[in-house]
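Enquirer: One structure follows; several queries about it will come next.
There are 2 protein chains.
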Amino acid sequence: MTQPLRLGIAGLGTVGVGVVKIVRQKAGLLAARTGREVRITAVSARARDKDRGVPLDGFAWEDDPVALAQRPDIDVFVELMGGADGPARDATEAAIAAGKDVVTANKAMLALHGQSLAEAAEAAGRVIRFEAAVAGGIPVVKALTEGLAGNEVTRVMGVMNGTCNYILTRMEDAGLPYEEVFAEAAALGYLEADPTLDVGGIDAGHKLALLAAIAYGTQVDFGHVELEGIQKISIEDIRTAADMGYRIKLLGVAQMTGRGLEQRMSPCLVPADSPLGQLQGGTNMVVLEGDAVGQISLRGAGAGEGPTASAVMSDIIEIGRGSRITTFGQPATGLKRTQPARSANPAPYYLRMALVDKPGALARIAAALGEAGISIDRMRQTRHDSGSAPVVIVTHKTSRAALDLALEGFTDTGVVQGEPVAIRIEAV
Amino acid sequence: MTQPLRLGIAGLGTVGVGVVKIVRQKAGLLAARTGREVRITAVSARARDKDRGVPLDGFAWEDDPVALAQRPDIDVFVELMGGADGPARDATEAAIAAGKDVVTANKAMLALHGQSLAEAAEAAGRVIRFEAAVAGGIPVVKALTEGLAGNEVTRVMGVMNGTCNYILTRMEDAGLPYEEVFAEAAALGYLEADPTLDVGGIDAGHKLALLAAIAYGTQVDFGHVELEGIQKISIEDIRTAADMGYRIKLLGVAQMTGRGLEQRMSPCLVPADSPLGQLQGGTNMVVLEGDAVGQISLRGAGAGEGPTASAVMSDIIEIGRGSRITTFGQPATGLKRTQPARSANPAPYYLRMALVDKPGALARIAAALGEAGISIDRMRQTRHDSGSAPVVIVTHKTSRAALDLALEGFTDTGVVQGEPVAIRIEAV
């Protein structure tokens with residue numbers, strides 16, 4: 130048995146406490162699997178005296194996570210504070226400079242600074258692992274970086290924000306409007322302090338950008354993820370989609386195209402009977418496609434103390450076992466910069482709008498689509514309200530550019546009331 | 130860049146050819162991800178002159194896989210011949226003795242000899258990896274050994290034989306009897322040379338035994354997997370199950386109980402709308418449950434050139450990257466022997482039988498169940514044929530021992546025609 134693996138844990142929120150519990154309660158199992166003792170040396174958090182429901186005696190305390198990261202008696206710095214910048218980034222950089230390996234659950238920090246952190250770590254001969262940053266307990270970083278390493282990855286897809294999926298499935302099940310379910314989710318504590326991180330698709334976009342970097346050997350490029358949140362999804366859209374055999378999901382898609390890397394995180398219609406369509410509540414699913422393996426999908430809890438701590442422990446044990454894999458599965462200095470390709474792949478779209486109730490209105494809309502080169506798969510006028518005719522159109526496959534042209538054309542017709550809704554229908 | 134990783138490939142069937150193609154066609158990608166060149170030095174197969182659709186020039190040829198395994202110019206012996214004993218086992222042992230790492234897709238060899246092979250490899254400081262042996266391209270060995278390493282595993286479940294799942298889904302979809310679909314599958318080349326390996330549950334049982342060893346830190350114990358094949362599943366059972374909202378799957382379950390390790394591979398009823406119930410055709414799904422992570426499930430192609438070669442490549446790349454994980458995730462000498470526990474966990478059962486059509490017959494069956502301590506959830510007499518009354522019963526949870534007692538009791542009543550069918554209903 131070699132030397133113990135000594136951990137310094139910064140951040141004692143839900144996940145940090147989960148990690149402490151596992152290390153305390155499963156010493157024998159961890160030692161057997163790691164081939165050495167896994168030991169917590171020191172911890173750091175904002176408030177020392179808070180009762181966290183788990184004893185911290187026997188661990189040194191540091192008020193400053195940077196000081197924790199630099200302690201000579203730790204081998205692995207476990208960053209569970211969160212935040213793209215500030216203490217998390219400072220301490221991670223300090224840990225690398227001090228020759229520590231890093232395990233982190235911090236998707237924001239890596240989505241924004243992953244390239245420079247990975248380069249620094251590799252220059253220092255250290256590793257950064259981040260299984261817990263993507264899809265909670267599902268070992269998807271591992272599946273992609275290692276399990277599919279023999280594949281040219283052709284597509285990465287996923288529902289990776291449990292809060293959004295909870296809101297969308299609850300809207301459908303209870304027939305409630307977005308605002309009401311959002312308030313429920315807030316009351317249940319499901320939302321980030323800044324809820325836009327969840328419902329605006331930012332958190333899920335961070336995760337997608339990380340997976341794309343691994344999949345395509347590119348520098349993580351969150352800045353070019355096309356982001357669209359779920360805030361504008363109405364109960365009408367959910368009902369209409371259901372009538373047509375679809376469900377609306379906040380779906381991430383990353384795909385390399387001839388024009389560059391396409392990364393989207395946006396509401397999409399997917400078949401209701403597909404594995405992604407059937408995903409309920411806070412569950413996450415990631416779908417990976419490779420030229421050799423075909424399609425594999427991984428499903429599980431995307432958040433929570435146990436699942437996230439499980440992912441953190443997986444990284445810790447791997448480091449203890451001697452794994453020295455690079456952050457993105459290739460040397461960071463060799464990762465390519467790519468052109469972003471905005472919605473390069475054509476798709477059918479779901480369109481919903483209200484037309485003024487007068488003769489020829491529908492014909493003008495059809496003409497605007499025709500002028501943009503878009504053909505119609507299905508069109509229906511659902512019912513007449515006073516002076517307003519709700520219309521739903523499903524197009525054949527079209528480019529986003531053509532669709533935008535058609536949407537402009539709609540405005541020019543003068544027959545559309547309010548803003549038309551356009552949601553991509555993704556082939557999953 | 131360090132030295133190239135040099136492979137010796139024994140077996141050039143579907144999977145071997147798939148591996149050769151990937152190594153030939155993706156040299157740059159593999160080198161970037163592995164951190165070194167991946168190179169095939171030598172190959173071995175039964176017939177040298179056969180056209181396999183891929184050039185073998187530049188590789189040394191060995192008629193004898195043992196000679197291949199011992200070549201000084203290979204680092205990794207890639208065993209893709211199959212067969213629990215004979216050349217595969219001889220060559221694997223020779224490779225270990227000669228100081229080579231081993232990558233294999235051979236579930237039978239490892240299910241029967243995994244313990245001794247792992248001990249030999251670890252004594253020699255070598256590794257044996259076998260991602261391709263379980264569920265084709267799905268990285269489930271990795272997910273369990275590494276991704277869930279921080280968990281006490283609570284249950285492993287899976288549909289892991291694509292041929293059986295193809296037969297069962299085809300029977301339901303086409304309304305065809307077992308014999309007819311079996312003949313179809315044979316004609317399509319879906320069956321092993323000895324079809325009992327597939328339809329008798331043996332192949333899937335091998336896979337389950339391997340996963341159980343990793344999950345519970347126990348010596349692989351295929352001999353105590355309770356095996357039951359799909360040969361007796363009738364179209365009537367599939368239809369009746371469907372009427373009640375279930376599908377029949379050849380389902381493996383491994384679970385540690387107070388009485389020992391329970392390992393079952395047998396037809397089970399699962400809810401038709403569950404992810405396992407919805408699994409179509411040759412697709413595999415493995416469900417892993419851990420105390421921290423909860424339930425995760427992994428889905429993908431369970432066989433075929435691309436998926437299986439993808440899994441083999443994953444192991445090769447991991448070895449090239451320096452991973453030295455032990456075969457079962459813990460030192461082989463520390464793996465425990467456990468008692469087998471036959472169907473230790475109680476479950477509801479589906480029972481179908483034909484009763485002689487005379488007064489009191491059903492009452493005698495109900496009495497036999499009552500005497501065995503089994504209560505009835507649902508019972509129905511589906512229709513009357515000439516002199517025979519088909520009866521379907523769903524019990525409440527019961528032990529297998531009590532059920533066997535009841536089945537004996539049925540015989541004693543003298544009112545049951547033929548053999549009653551009893552299928553476990555698994556909570557998934």
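Protein chains in written order, with this note's numbering: chain A, 130 to 557; chain B, 130 to 557. Think of the CB as a built atom: it goes at the ideal place given N, C-alpha and C, for glycine as much as any other residue.
1) Indicate whether at least one CB of chain B lies closer than 9 Å to the CB of G429 of chain A.
2) Who are the near neighbours of M394 of chain B in its chain, counting only those whose CB is closer than 6 Å to its CB and skipping five residues on each side?
3) Starting from L277 of chain A, follow the alpha helix (DSSP H) in both directions and report where the run begins and ends.
4) With a CB to CB cut of under 8 Å and the five nearest residues on each side skipped, what residues in its chain are close to V172 of chain B?
5) Three-state secondary structure (DSSP) at A312 of chain B?
6) Cβ of E567 of chain B within 9 Å of Cβ of A461 of chain B?
7) Kindly list, in the order they appear in chain A, the residues whose Cβ is closer than 7 Å to that of R162 of chain B.
8) Check the Cβ-Cβ distances between K378 of chain B and every residue of chain A, and say whether any is below 9 Å.
9) Where does N413 of chain B sit, in a helix, a strand or coil, going by DSSP?
10) For the stretch 420–459 of chain A, list the beta strand (DSSP E) runs that are entirely contained and at least 3 residues long, ordered along the chain.
11) Within 8 Å, do at least three Cβ pairs link the stretch 216–235 of chain B to the stretch 250–270 of chain B?
12) Can you list the residues of chain B that P404 of chain A reaches, using a CB-CB cut of under 9 Å?
13) Roughly how many angstroms lie between the CA atoms of M286 of chain B and A220 of chain B, to the nearest whole one?
14) Check whether the Cβ atoms of T143 of chain A and T437 of chain A lie closer than 9 Å to each other.
15) For R218 of chain A, I'd like the list of residues in its chain whose CB is within less than 7 Å of its CB, leaving aside the five on either flank, ordered along the chain.
16) For A430 of chain A versus I425 of chain B, is the C-beta spacing smaller than 9 Å?
17) For M385 of chain A, list the residues DSSP reports as bridge partners.
18) Taking the alpha carbon of V152 of chain A as the point to measure from, which residue in A:R181, A:A470, A:I169, A:A161 has its own alpha carbon closest?
19) State the DSSP-derived secondary structure class of L136 of chain A, mapped to helix, strand or coil.
20) Comparing C-alpha positions only, which one of A:D366, A:L134, A:Y295 sits nearest to G411 of chain A?
21) Per the DSSP calculation, I169 of chain A is bridged to which residue(s)?
22) Am I right that L408 of chain A and V416 of chain A are in contact with their C-beta atoms under 8 Å? What's the rounded C-beta distance?
23) Let me see if you follow: with CB-CB separation under 9 Å, is A262 of chain A close to chain B or not?
24) Cutting at 6 Å between CB atoms, please list the residues of its own chain near G265 of chain A, excluding the five before and the five after it.
25) Would S515 of chain B be called buried (16 or more neighbouring beta carbons within 10 Å of its own) or exposed?
26) Take D444 of chain A as the anchor and find which of A:D180, A:P194, A:V263, A:Q199 has the nearest alpha-carbon.
27) If you check the beta carbons only, do L398 of chain A and I377 of chain A fall under 9 Å apart?
28) So with Cβ pairs under 9 Å, would you call S439 of chain B a contact of chain A?
29) What does a CB cutoff of less than 8 Å around A312 of chain B pick up in its chain, not counting 5 residues either side in sequence?
30) Rounding to the nearest angstrom, what Cα-Cα distance links E309 of chain A and G489 of chain A in this structure?
31) In its own chain, which residues sit with a C-beta less than 7 Å from the C-beta of M210 of chain B, not counting the 5 before and 5 after it?
32) On the three-pair Cβ rule with 8 Å, is the stretch 522–534 of chain B touching the stretch 470–480 of chain B?
33) Please list, in chain order, the chain E residues whose beta carbon lies closer than 9 Å to that of G451 of chain A.
34) Run down chain A in chain order and give the residues with a C-beta less than 8 Å from the C-beta of E447 of chain B.
35) Tell me which residues of the stretch 513–546 of chain A have at least one Cβ-Cβ distance to chain B shorter than 9 Å, keeping chain order.
36) Between the stretch 472–489 of chain B and chain A, which residues of the former have CB atoms less than 8 Å from a CB of the latter, in chain order?
Expert: Result, derived from the coordinates:
1) For this step, residue 429 of chain A is matched to residue 300 along the first sequence. Closer than 9 Å to some Cβ of chain B, the Cβ of G429 of chain A qualifies, so yes.
2) Taking the second sequence and counting its residues from 1, the one referred to as residue 394 of chain B is at position 265. Same-chain partners within the cutoff: G330, A333, G334, L337, V354, L356, G381.
3) Stepping through the first sequence from its first residue, residue 277 of chain A is reached at position 148. Counting along the chain, L277 of chain A falls outside any alpha helix (DSSP H), and DSSP gives it neither H nor E.
4) As a first step, residue 172 of chain B is located in the second sequence; it is residue number 43 there, counting from the start. When the five nearest sequence neighbours on each side are left out, the beta carbons in the same chain lying within less than 8 Å of the beta carbon of V172 of chain B are those of G137, I138, A139, L141, G145, V149, L185, F188, A189, W190, E191, L197, in order along the chain.
5) Here residue 312 of chain B corresponds to residue number 183 of the second sequence, with the count starting at 1. In the three-state reduction of the DSSP assignment, A312 of chain B falls in the helix class.
6) Because chain B here runs from 130 to 557, residue 567 of chain B falls outside it and cannot be looked at.
7) Residue 162 of chain B sits at position 33 when you count from the first residue of the second sequence. Contacts between R162 of chain B and chain A, judged by CB atoms closer than 7 Å, involve A278, G458, Q459 in chain order.
8) Translated into the one-based positions of the second sequence, residue 378 of chain B becomes position 249. Not an interface residue.
9) For the purposes of this step, residue 413 of chain B is identified with residue 284 of the second sequence, where counting begins at 1. In the three-state scheme derived from DSSP, where H, G and I count as helix and E and B as strand, N413 of chain B is classed as strand.
10) Taken in chain order, the complete beta strand (DSSP E) segments of 3 or more residues contained in the stretch 420–459 of chain A are 423–430.
11) Segment contact: the stretch 250–270 of chain B against the stretch 216–235 of chain B, three or more CB-CB distances shorter than 8 Å; contact assigned.
12) As a first step, residue 404 of chain A must be located in the first sequence, where it is residue number 275. Here the neighbours are P404, Q407, R428.
13) In the second sequence, counting from the first residue as 1, residue 286 of chain B sits at position 157. In the second sequence, counting from the first residue as 1, residue 220 of chain B sits at position 91. Going from the Cα of M286 of chain B to the Cα of A220 of chain B covers about 32 Å.
14) The residue you call residue 143 of chain A lines up with position 14 of the first sequence. The residue you call residue 437 of chain A lines up with position 308 of the first sequence. In this structure, T143 of chain A places its C-beta atom within 9 Å of the C-beta atom of T437 of chain A.
15) The residue given as residue 218 of chain A occupies position 89 in the first sequence. Counting only Cβ-Cβ distances below 7 Å, and skipping sequence neighbours, we find M238, H242.
16) As a position in the first sequence, residue 430 of chain A is number 301, starting the count at 1. As a position in the second sequence, residue 425 of chain B is number 296, starting the count at 1. The answer is yes: Cβ separation under 9 Å.
17) Sequence index remark: in the first sequence, residue 385 of chain A carries index 256 (1-based). For M385 of chain A, which the question treats as bridged, DSSP gives the partners A:L390.
18) Within the first sequence, numbered from 1, the residue matching residue 152 of chain A stands at position 23. Among A:R181, A:A470, A:I169, A:A161, the Cα nearest to that of V152 of chain A belongs to A:I169.
19) The sequence position of residue 136 of chain A within the first sequence is 7, counting from 1. It is a strand residue.
20) Position 282 of the first sequence, counted from the start, is the residue given in the question as residue 411 of chain A. Ranking A:D366, A:L134, A:Y295 by CA distance to the CA of G411 of chain A puts A:Y295 first.
21) In the first sequence, counting from the first residue as 1, residue 169 of chain A sits at position 40. In DSSP, I169 of chain A forms a bridge with A:L136.
22) For this step, residue 408 of chain A is matched to residue 279 along the first sequence. For this step, residue 416 of chain A is matched to residue 287 along the first sequence. At roughly 11 Å, the Cβ-Cβ gap does not stay under 8 Å, so L408 of chain A and V416 of chain A are not in contact.
23) For the purposes of this step, residue 262 of chain A is taken as the residue at position 133 of the first sequence. Judged by the 9 Å Cβ criterion, A262 of chain A is not in contact with chain B.
24) Counting from 1 along the first sequence, the entry for residue 265 of chain A is found at position 136. The beta carbon of G265 of chain A is closer than 6 Å to those of A430, G431, A432, P436, T437 in its chain, skipping five residues each way along the sequence.
25) As a first step, residue 515 of chain B is located in the second sequence; it is residue number 386 there, counting from the start. Under this definition S515 of chain B is an exposed residue.
26) Numbered from 1 along the first sequence, position 315 holds the residue referred to as residue 444 of chain A. Nearest to D444 of chain A by C-alpha distance, out of A:D180, A:P194, A:V263, A:Q199, is A:V263.
27) As a position in the first sequence, residue 398 of chain A is number 269, starting the count at 1. As a position in the first sequence, residue 377 of chain A is number 248, starting the count at 1. Contact: yes.
28) In the second sequence, residue 439 of chain B corresponds to position 310, counting from 1. True, the Cβ-Cβ gap to chain A drops below 9 Å.
29) On the second sequence, position 183 is the one that residue 312 of chain B refers to. Within the same chain, A312 of chain B has no close Cβ partners at all.
30) Numbered from its first residue, the first sequence carries residue 309 of chain A at position 180. Numbered from its first residue, the first sequence carries residue 489 of chain A at position 360. E309 of chain A and G489 of chain A: Cα-Cα distance of roughly 37 Å.
31) Indexing the second sequence from 1 puts residue 210 of chain B at position 81. Once the five neighbours on either side are set aside, the close Cβ partners of M210 of chain B are A139, G140, P194, P216, A217.
32) Per the Cβ contact rule, the stretch 522–534 of chain B is in contact with the stretch 470–480 of chain B (3 or more Cβ pairs under 8 Å).
33) Any reference to chain E falls outside this structure, whose protein chains are A and B.
34) Position 318 of the second sequence holds residue 447 of chain B. By Cβ distance, chain A contributes E275, A278.
35) Of all residues in the stretch 513–546 of chain A, none has a Cβ within less than 9 Å of some Cβ in chain B.
36) Within the stretch 472–489 of chain B, no residue qualifies.
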